[in-house]
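If you read the sequence shown in numbering that gives the first Met the number 0, its first letter stands for residue 0, the second for the next number, and so on.
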Amino acid sequence: MEMNQVLKLLSHASTFFAPIIGPILIWLLASDRYVKNVALQALVFHISMSVLIGISWALSFILIGIPFLIVFGIMALYCPIKGIFYSLTGRTYYYPIIGRLING
């Protein structure tokens, strides 16, 4: 496994150990443009999921946030795991909505 593939894998897997710091460090230290793009996508995804889960949690007191909390929680786990599998097989993974916006 080459170094760029490992860095892409760590960008996706950082959701489980350092969702903000991990992608920032990879983005700052990586020299490959594609690795930087993946790290930036992961960073924006983690931040947006944190905000959406926080808003859903606040709205769960009036019951409307509970379904959103479930959906965003599943999405926050599913997308990075899918990105990990794509990185292991050498395929390109774009996070939903964010990947297409940042990739430009």
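Ideal Cβ positions, reconstructed from N, Cα and C, are used throughout, including at glycine. As the structure is a computational prediction, the values presented were derived from the model and not from experiment.
Pro22 sits in a helix when the DSSP states are folded into three classes.
In this model, Tyr85 and Pro66 are separated by some 28 Å (Cα to Cα).
The Cβ atoms of Phe71 and Ser59 lie no closer than 8 Å to each other. Take the alpha-carbon of Leu6 and the one of Thr88: they are about 14 Å apart. By alpha-carbon distance to Thr14, the top candidate from Arg32, Met74 and Asn3 is Met74.
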